[in-house]
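Numbering (the working numbering), first residue to last: 240 to 849. Here's the structure, in structure tokens; my notes come after.
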Amino acid sequence: MNDIRFDIGSLHAAYASGMSVEAVIETVFQRISEADDPGIFIHLASKAELLAEAEALGGFDPVAKPLWGAPFAVKDNIDVAGMPTTAGCAEYAYLPAKDATVVARLRAAGALVVGKTNLDQFATGLVGVRTPYPVPRNAIDPKLVPGGSSCGSAVATARAIVSFALGTDTAGSGRIPAGLNNIVGLKPTVGALSAAGVVPACRTLDCVSVFALTVDDAHSVFRAAAAKDDADPYSRAIAAPPLGPRPPVLSVGVPAKADREFFGDAAMQAGFETALRTLEQLGCRLVEIPFGDFYATANLLYEGAWLAERYAAIADFMDLNEAAMHPVTRQIIGGARKLSAADAFKGLYALQAYKTRLAPVIASVDLFCVPTAPTHYSLEAVLADPIVTNSRLGTYTNFVNLLDMSGIAVPTGKRDDDLPMSVTLLAAAGKDALTAALARDLHQASDLGLGATGWTMPASPAKTFQPDTDMIELVVVGAHLSGMPLNGQLRDLGARFSRAAKTASAYRLYALAGQSVPKPGLVRVGNGGMRIDVEIWRLSPDAFGRFVAAIPPPLGIGTVELADGSSAKGFLAETAGLSAAADISAFGGWRNFVASSSEPRQRLESAPSN
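As structure tokens, this is what we get:
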């Protein structure tokens, strides 16, 4: 029974083969007993409660309920009806009458709440030791801190006590614990998952996060929970499409070598460089980015406006019960009492200045890759210097929500000392599916076991892009291909990559003359045609119309037949525009031609990105 795999794909396969949900619930409690770690959970559901909840699901139906029978844990600053919410402070506890919106949505999708997990008190910390309860033990190495503030949720997931767990992330609390426990930590776009029913830390920055054993599981939970919620004034509608394939070529911003900070941890530095090489092997183009302004933005998080916001969230309680608080938490949040309204506005002004400077930097690449943490810290080191060690752990996390970025922490291997190695992929708001698609491939390439289980990586589901009835397919053949200079025009319109393909054997490809940005022309011919490499992207009807209206001659949009017998709208060239054009059909596609020709490649590299 204890061999039951809890990654959702494997769990559902077992259910489909006749395994009972009762067996899963028994396994949950057996693993809790075997972990022998009183620091993981603050409150547990009873077996009877879980069995009753499972009975209410009805028969196994993963279509209607995509998380059917998956046990999950909830960080104890998120409400679960009938379970006390403590936020890591027993004196603060209250009994909510209803679930937080995100919990309700996951229950509606068939998931089962096992219990409430430990945390850095009031979600203030990245270390996982700022709790009046026992400190959870890191699932990989008990000498290390478990990571916070979502420590209990991360450890419960890494030990496969649950299939997934909810955390929160304001400064990195959904990413640092993932990196320290060899699991996936999805930090969605702020507002994508409702924060109604969540004890706030910084209401303007808080988001609910997801811990899972695989990227596919994390994204499935995200899809089940994401929705606009009128009960949360910071909620917003963020697209949550199925996890399809990623574009073949992506530009990935990485901290410039001179700006990388590991605080003397050579093993972490080496692990990061190995992860970057893997990205290159996956077809990514690395772009070094000066990181000074990102670090300066990160420093704002525990100053002025956002420190005051933490105090505002619990001021009534803290002013009457300060002695009940963890001393480090009390020290940090209490510092806000020295701040004025003018200090808060200074912080807001500084942030806006950094946002303005960094917006074109963020837009210049498809996404970013940074170390999840710059170093690992032992329990002993953190207890000896709780403020500095915590601050250093947030080097690559603190700026993310301030700059309205989405992210996902993903294991990439083991360091030279066998400790876990993790990187975080970051992108602009709304690009949650893009970071997840690359994270899935990066995780698969690591060939790691899952969490602390020793289970092998499951086979990745087929990378198909499910049809969207409200989207129009567009065949691109040249400068709009992924990684090419004009691909940004598609991304700016919200286009999503669908798949790589080939045309039918009825086309010739020409390198057009006199173009400011090198581009080809695809022409249908009666005889002598070839199959040409293309990509298919999807746009909304409005975006498609705006895109087509901007296409300059001799290019236009027509119907392109594909090798699989289907067809879609795509780029075609007028034959009148082929004067002085070179027939490059023999290369099989524009990307091959560019790679083989130094002159077009030089022109491409000097062309604008949008």
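Every residue, glycine too, gets a C-beta built ideally from N, C-alpha and C.
{"Asked": "Beta-bridge partners of His282, as assigned by DSSP", "Found": "Lys355"}
{"Asked": "Span separating the alpha-carbon of Glu774 from that of Glu265", "Found": "48 Å"}
{"Asked": "Boundaries of the beta strand (DSSP E) in which Pro914 is found, first to last residue", "Found": "Limits of the chain in this structure are 240 at one end and 849 at the other, which puts residue 914 out of reach."}
{"Asked": "For Asp408, the three-state DSSP class (helix, strand or coil)", "Found": "strand"}
{"Asked": "Three-pair Cβ contact test at 8 Å for the stretch 406 to 417 versus the stretch 310 to 318", "Found": "yes"}
{"Asked": "Three-state secondary structure assigned by DSSP to Val302", "Found": "coil"}
{"Asked": "Buried versus exposed, by CB contacts within 10 Å (16 or more), Tyr635", "Found": "buried"}
{"Asked": "Residues sharing a beta bridge with Leu578, DSSP", "Found": "Beta-bridge pairing links Leu578 to no other residue."}
{"Asked": "Same chain only: Cβ atoms within 7 Å of Gly768, ignoring 5 sequence neighbours per side", "Found": "Ser744, Ala745, Tyr746, Arg747"}
{"Asked": "C-alpha distance - Val491 paired with Ser630, whole-angstrom precision", "Found": "26 Å"}
{"Asked": "Spatial distance of Arg692 from Ala397 (CA atoms)", "Found": "A small correction: the amino acid at residue 692 is Thr; Arg does not occupy that position in the sequence shown. If you take the alpha carbons of Thr692 and Ala397, they lie about 7 Å apart."}
{"Asked": "Status (buried if at least 16 other CB within 10 Å, exposed otherwise) for Ala478", "Found": "exposed"}
{"Asked": "Whether Thr651 touches Val662 by CB criterion (8 Å)", "Found": "yes"}
{"Asked": "Residues that Phe268 bridges to, as DSSP identifies them", "Found": "Answer is none; Phe268 lacks a bridge partner."}
{"Asked": "Beta carbon of Pro371 nearer than 8 Å to that of Gly278", "Found": "no"}
{"Asked": "Bridge partners - Val799, DSSP secondary structure assignment", "Found": "Ala807"}
{"Asked": "Beta-carbon proximity list for Pro793, same chain, < 8 Å, skipping 5 on both sides", "Found": "Leu751, Gly760, Ala812, Glu813, Ala815, Gly816, Leu817"}
{"Asked": "Residue from Leu345, Val460, Leu641 with nearest C-alpha to Leu587", "Found": "Leu641"}
{"Asked": "Delimiting residues of the alpha helix (DSSP H) encompassing Cys523", "Found": "No alpha helix (DSSP H) holds Cys523; the beta strand (DSSP E) holding it covers 523 to 528."}
{"Asked": "Host alpha helix (DSSP H) of Leu559 (start-end)", "Found": "543 to 560"}
{"Asked": "Val429 versus Leu801, Gly669, Arg679, Ile281, residue with shortest Cα-Cα distance", "Found": "Gly669"}
{"Asked": "Pairwise C-alpha distance: Arg730 and Leu540", "Found": "30 Å"}
{"Asked": "C-alpha distance - Pro373 paired with Thr356, whole-angstrom precision", "Found": "11 Å"}
{"Asked": "Backbone CA spacing between Ala648 and Pro486 [nearest angstrom]", "Found": "20 Å"}
{"Asked": "Close beta carbons around Ser617, own chain, < 8 Å, minus the five adjacent residues each side", "Found": "Lys382, Leu383, Val384"}
{"Asked": "CA-to-CA distance, Gly248 to Ala464, given in whole angstroms", "Found": "18 Å"}
{"Asked": "Residue span of the beta strand (DSSP E) that contains Ile711, given as start and end", "Found": "711 to 715"}
{"Asked": "Cα-Cα separation, Leu597 to Glu527", "Found": "14 Å"}
{"Asked": "Local Cβ density within 10 Å of Phe704, reported as buried at 16 or more and exposed below that", "Found": "Caution applies to Phe704, whose pLDDT of 47 falls short of 50 and renders its modelled position unreliable; the model cannot decide the point."}
{"Asked": "Own chain residues within Cβ distance below 6 Å of Ser474, not counting five before or after", "Found": "Gly430, Ser433, Lys467, Asp468"}
{"Asked": "8 Å contact criterion, which Gly386 and Val366 should meet: CB distance rounded", "Found": "7 Å"}
{"Asked": "Any 3 or more C-beta pairs closer than 8 Å across the stretch 244 to 258 and the stretch 442 to 457", "Found": "yes"}
{"Asked": "Pair within 8 Å by beta-carbon distance, Phe736 and Pro613", "Found": "no"}
{"Asked": "Cβ contact check for the stretch 568 to 580 and the stretch 334 to 347: 3 or more pairs under 8 Å", "Found": "no"}
{"Asked": "Cβ shell of Ala457 (< 6 Å), same chain only, five flanking positions each side left out", "Found": "Val423, Leu425, Val449, Ala451"}
{"Asked": "Whole-angstrom distance between Gln728 and Ser845, CA atom to CA atom", "Found": "Bear in mind that a pLDDT of 37 at Ser845, under 50, signals an unreliable position, so the model cannot answer this."}
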